[in-house]
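Keeping their order, the protein sequence lines are chains L and C.
Every letter in the first sequence is one number past the one before it in our numbering, and letter 62, counting from 1, is 65.
Every letter in the second sequence is one number past the one before it in our numbering, and letter 67, counting from 1, is 191.
Notes to accompany the following structure.
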Amino acid sequence: MLDNLYTLITGASEGFGKSLALECASRKMNLILVALPGPELYYLADFIKRNYLVDAIAIEKDLTCEENCIAVYQFVQSMNLRVNMLINNAGLGGTMLFSEGSISFYQKQIKLNIVATTLFTHLFLDMLKSNGPSHILNVGSLSSYFYLNKKQVYGATKSFIYSFSKSLRRELKNDGISVSVICPGSMNTNISVTCLLKTSSRISRLSIMNPEEVAPIAISGLLKSREVIIPGRLNKLFLFINKLLPDFIKTMILSNQMKNIRSVTAIETNQKSILLTEKQKSLIAS
Amino acid sequence: MKIFITGATGYIGHQLALKLANQGNVVHIIVRDQSSPNIPVHNNIIVFPGDITYLSSIKKAMAGCEQVYHTAAIVKLFSKDPSLFYKVNVDGTRNLLGAAVDAGVKKFVYTSTCGVLGASVKMPKSEKDPRTESFDNEYEFTKFLAENLVKDYVHKGLFTVIVSPSKVYGPGIETHPVSVNWAINNFIKGKLTIIPKPSNILSNYCFIDDIVNGHILAMQHGLGGDKYILGGENLSYEDFFHQLRLLSGSKARIIPAPRFIVHIWALAQWCKYLITKEEPFVTIKGIHHIFINKIYSNEKAKQKLGYRPTPLQEALKQTIQFLKQKNYA
């Protein structure tokens, strides 16, 4: 603990957020961990404090609610914590036909993926400016490059993150704030996703990365002020091919790939898997 | 008291069944292969033919039992048929939990593994510490899924407790090709012993008698839905064999092997598997498990259960004596 600067990570209790928190802790960064209410967040904060000798503060809030985002900021301010890195990681994933999802689910997805990211960035902007050089890392997705079946709303929210980050980067360049966006492919982030990914095709299975492999790439990319971070050689290759191939071939390949993937709403980082039914669980087990 | 035990032909279940039978309990065990040499023999042990993947056979064996110890599992790093892990470790556990509710079982102790907690960073891991790495093998993943099931059943009215042993050694039946007992036996026989390099990698070793007692203590004093690490001492490969050398006087040579050598060995095993279809006990994906620290804290079990692990030297002495007798027999 050389200084009292903090890195704030949203959606930190499991999946990619947890790996990001552990990676930052191993680089001796103090942490403010925000996630949905639950004991895991406190266990993680406690684990980090004991094992990495940095400070870790847990704040449990559901960020789909705007008031809660503001409350997090007010708490940080009241504790006089100086944030110089903001990692907007909390997000809600989902793979389903548009007609299969409920409007309330899509609203939640948009609130968490888009509104919370925008709000957090806005709330912490002045603090980041005064604690510069600062960093903002937004978590996008490879699906913002590919227009995938069953990922309409999710993909669109991640496209927002992508454009938002690139645009903001130009704007904040002179304020000592570097904005990066990471676009990971599929990750084994929680049980339902892990089980779901076991059912996907061989080539997509090969590109799956573990969150603890992606996290170091993310943080070193952030520290090097990279604009866009694409983790994984295969993912980079996908993107490269994507640029070369004509549209109709891409559509053919991708719709074929997604056909095998069962519709499931999986919660990407922050939230508990609430949507796995007993039937799906037994399917996974079989 | 009538007690039901699964996995009684396994290392832990076998010793547990004998101990409980010796205490005067009537022990019901469920066995797939009636001719298995690993079936514990005792006047108080009643053998039921069956399989935890068949609900009807469980129901018959569990009838009238007040307590259940579920120690059965597919325990290996690799299987030709990965669905077997799900079928036995997850579905089998679900069958048992359901049957226990129906049979009015009072308490259910589930044998998990420290493997679910994963690698340690600096301090010994405790029950609440998060796993820092993704699951890379079906064994740990299915034990994790089963733990969640066992915890869920607390809300369905079943009193369940989870115990998590670390690396177990000590007198008992041999059920695995590469166990701590096997390594100890190799070493005291004076055979060349290969340990991972760097040799200061830490592991947790626990004595079978302590594990058996820990199960019984968890049944008596464990809180519903809670989990207890049943561990022994944390020490490096180097120290472990150093202790063994002091106690046994073995002159066996110890060679630390760097990762790439073990990698080649795993590769050779894989080639052998492709040709002979004999399942490898080391896989390329699995070798990093022996190159990471896995230390655990048994504080919670000590405080809440009254768990009193045997001192390392005493436990090793008994193990050496047992193995030597077996070698001469």
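Glycine is no exception: its CB is placed at the ideal position from the N, C-alpha and C atoms.
Amino acids of chain L, ordered along the chain, whose beta-carbon sits closer than 7 Å to that of residue i
{"i": "C:K252", "result": "Y46"}
{"i": "C:K246", "result": "N54"}
Enclosing alpha helix (DSSP H) for residue i [first to last residue]
{"i": "L:Q77", "result": "69-81"}
{"i": "L:A48", "result": "42-55"}
{"i": "C:L359", "result": "Where C:L359 is concerned, there is no enclosing alpha helix (DSSP H), although the beta strand (DSSP E) it sits in stretches over 357-360."}
{"i": "C:L282", "result": "Element bounds for C:L282: n/a, residue is neither H nor E."}
{"i": "C:V274", "result": "262-276"}
{"i": "C:T400", "result": "383-400"}
{"i": "C:T237", "result": "No alpha helix (DSSP H) contains C:T237, which DSSP labels as neither H nor E."}
{"i": "L:Y1", "result": "Within the shown structure, residues of chain L are numbered from 4 to 289, placing residue 1 of chain L beyond reach of any answer."}
{"i": "C:K441", "result": "436-452"}
{"i": "C:P433", "result": "From DSSP, C:P433 is part of no alpha helix (DSSP H); its letter is neither H nor E."}
{"i": "L:F108", "result": "106-113"}
{"i": "C:I220", "result": "The amino acid at residue 220 of chain C is misidentified as Ile; the sequence shows Leu. Where C:L220 is concerned, the enclosing alpha helix (DSSP H) stretches over 217-227."}
{"i": "C:K184", "result": "179-186"}
{"i": "C:I308", "result": "304-312"}
Short CB-CB distance (under 8 Å) between residue i and chain C
{"i": "L:E215", "result": "yes"}
{"i": "L:N191", "result": "yes"}
{"i": "L:L151", "result": "no"}
{"i": "L:K21", "result": "yes"}
{"i": "L:T268", "result": "Because the pLDDT at L:T268 is just 48, under 50, the model does not fix this residue reliably, and the value given afterwards should be weighed accordingly. No, L:T268 lies away from the interface with chain C (no Cβ there is under 8 Å from its Cβ)."}
Residue i: contacting residues in chain C (beta-carbon distance under 8 Å)
{"i": "L:E43", "result": "P254"}
Interface partners of residue i on chain C, CB under 7 Å
{"i": "L:T50", "result": "The sequence shown places Phe at residue 50 of chain L, not Thr. Under the 7 Å cutoff, chain C gives D253, P254."}
Cβ of residue i within 8 Å of any chain L Cβ
{"i": "C:S258", "result": "yes"}
Bounding residues of the beta strand (DSSP E) (the contiguous stretch that carries residue i)
{"i": "C:T133", "result": "Looking at the DSSP string, C:T133 is not in any beta strand (DSSP E), and its letter there is neither H nor E."}
{"i": "L:Y138", "result": "Sequence check: residue 138 of chain L is His here, not Tyr. Looking at the DSSP string, the run of the beta strand (DSSP E) that includes L:H138 is 137-142."}
{"i": "C:F331", "result": "326-331"}
{"i": "L:R85", "result": "85-91"}
{"i": "C:K291", "result": "291-293"}
{"i": "L:F243", "result": "No beta strand (DSSP E) contains L:F243, which is instead part of the alpha helix (DSSP H) from 236-247."}
For residue i: DSSP bridge partner residues
{"i": "C:F172", "result": "C:I154"}
{"i": "L:N33", "result": "L:Y9"}
{"i": "L:A59", "result": "L:L34"}
{"i": "C:Y420", "result": "C:K249"}
{"i": "L:I180", "result": "L:S137"}
{"i": "C:F232", "result": "C:V192, C:T284"}
{"i": "C:K351", "result": "C:I286"}
{"i": "C:T317", "result": "C:I378"}
{"i": "L:I185", "result": "L:V142, L:I232"}
{"i": "L:F212", "result": "Per the sequence shown, residue 212 of chain L should be read as Met rather than Phe. Per DSSP, L:M190."}
{"i": "C:K126", "result": "C:V150"}
Any chain B beta carbon closer than 8 Å to residue i
{"i": "L:S166", "result": "You won't find chain B in this structure, because its protein chains are L and C."}
Residues from the segment 24-35 of chain L in contact with chain C, defined by Cβ distance under 8 Å: For the segment 24-35 of chain L, the set of residues with a beta-carbon nearer than 8 Å to any beta-carbon of chain C comprises L25, in chain order.
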